[in-house]
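Enquirer:
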Amino acid sequence: MNLKRIRAIAKKEFKHLFRDIRMLLILLLFPVFLLGVFGYAVNFDVHHIKIVVYDEENSKVSREFISSLTKSTYFDLVGYISNDSQIKEILNEKKAQCVVVIPKDFSRKFYSKQEAKIQYLIDGVDGNSANIIQFYSMAATQALNAKLTTEVLSKAGVKSFVPIDFRPIFWFNPDLKSTRFFIPGLIAMILIITAAVSVSLSLVREKERGTIEQINVSSIKSSELLIGKTLPYVLLALVNAAMILIAGYILFDVVVKGSYLLLFLSTLIFLIASTSIGILVSVVSDSQQVAFSIATMVTMLPSFILSGFVFPIESMPVIIQVITNITPAKFFINVLRAIVLRGVGVFAIWGQLLYLILYASVLLGAAIIIYNKREVRE
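In this note's numbering, the protein residues as written are 9 to 386.
1) Going by beta carbon distance, what residues of the same chain come within less than 8 Å of S115, once the five residues before and after it are set aside?
2) Counting only the same chain and skipping the five closest in sequence on each side, list residues whose C-beta sits under 6 Å from that of L349.
3) Relative to the alpha-carbon of L199, which residue among R213, D183, V60, Y241 has its alpha-carbon at the smallest distance?
4) Determine the contact status of Q122 and V109, defining contact as a CB-CB distance below 7 Å.
5) Assess, as a yes-or-no matter, whether the segment 251 to 258 is touched by the segment 186 to 195 under the definition of 3 or more beta carbon pairs within less than 8 Å.
6) Kindly identify the DSSP beta-bridge partner or partners of Q127.
7) Could you tell me if E101 is buried or exposed, where buried requires 16 or more neighbouring beta carbons within 10 angstroms of its beta carbon?
8) If I measure Cβ to Cβ from V292 and keep anything under 7 Å in the same chain, skipping five residues before and after, which residues do I get?
9) Does the segment 353 to 370 come into contact with the segment 201 to 211, if we say contact requires no fewer than three beta-carbon pairs (one atom in each stretch) closer than 8 Å?
10) Which same chain residues end up closer than 8 Å to I347 when comparing Cβ atoms and leaving out the 5 residues on each side of it in sequence?
11) Just the Cα atoms here: how many angstroms apart are D294 and L43?
12) Quick check: what's the CA-CA separation for F278 versus Y363?
13) Using the three-state DSSP reduction, which class does L85 fall into: helix, strand or coil?
14) Is K422 helix, strand or coil by DSSP?
15) Could you tell me whether the Cβ atoms of A299 and S290 are closer together than 7 Å?
16) Taking buried to mean at least 16 other C-beta atoms within 10 Å of its own C-beta, is G286 buried or exposed?
17) Find out if the Cβ-Cβ distance for the pair Q150, D131 is shorter than 7 Å.
18) Do Y141 and I57 have their C-beta atoms within less than 7 Å of each other?
19) Keeping to the same chain, check which residues put their C-beta closer than 7 Å to that of V205; ignore five residues upstream and five downstream.
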């Protein structure tokens, strides 16, 4: 390969980029916009759960329990009901996500050392939210239970004793914000889409303008053409990655705990793998419209569904777990979460990086073979 020819092609592509200011601004600013939108929208944290209380007893203990629920940001008390016939209406019309039912004999059973029950009627349409509401409800009930038990024992002159003191410590994400878990996935999804689409459109543009024939009859090799065409977009994607990380820090307080050098090299390898998708798409496409449709389809859907970005791969059937290997985003998300959230070194992620290198090599090799066969045929 001739470096002078590669540099000339890359220089030509840079000129095209800077002439089209609107496209350049889209490539630079749109990924940050997507990060902000998806970062706030894709969030599994549940706060301000609307609850309605049916307090049949209205005693000091029941009022204390209701007060303990509403002290946190997890529950918002939106009202009371006076009979059980209103429960169905409340849940059907989504006036509340949970109805708390406190029976008439709640405090009497508690003070007589019998089992006192509290019923939570939860809207189970959204299974994930229902599970979270159940978890919060259990935690609130256990907290009140421990407090009341301590008070009763202290009045009886007995010191409370906890056989096992359960104190979980969460590493890497102490406050359990789901946004910090999703941000690396968002970065991978945004980068693979922008890199693949921009490269595929750039190469197909030469076909539509008829300049590809001039390139074919020149002394430029196919490998030189592909490298020269993709180099500007790889550099632009690296700038995108830096801007996205800065936006993630400002908007979502996501701090890189690992090595910036390792993060840079990993991102570079991933971008080469992503642009190889765009190159292969451009080789088999004859128009920018077709190239855009194919590039979007083969990057967006797999990176969203099959990469582990939202849905855990371990929970998928075995055959689907095998299919997830078709997207490089799966491996880069693991790398990003390891470097950004856990701060690991290269020995923990070398297998993922090796797969990305092999992935890029296979796709680039296939693109060059197909391109050469088409050139000979024409």
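Every residue gets a Cβ at the ideal spot worked out from N, C-alpha and C, and that includes glycine.
Expert: In this structure, then:
1) E65, S67, K68, V69, S70, A124
2) F180
3) Y241
4) no
5) The segment 186 to 195 is in contact with the segment 251 to 258.
6) V109, per the DSSP bridge assignment.
7) exposed
8) Once the five neighbours on either side are set aside, the close Cβ partners of V292 are I378.
9) no
10) V264, K265, G266, S267, L270, L271, S274, I357
11) Those two C-alpha atoms are separated by around 31 Å.
12) 10 Å
13) L85: strand per DSSP, three-state reduction.
14) Look at the range of the chain in this structure, 9 to 386, and you will see that residue 422 is not part of it.
15) Taking a C-beta distance under 7 Å as the contact criterion, A299 and S290 qualify as a contact pair.
16) buried
17) no
18) Strictly speaking, residue 141 in this sequence is Ile, with Tyr absent from that position. With respect to the 7 Å criterion, I141 and I57 are classified as neighbours on the basis of their beta carbons.
19) Contacts found: G286, F300, A303, T304.
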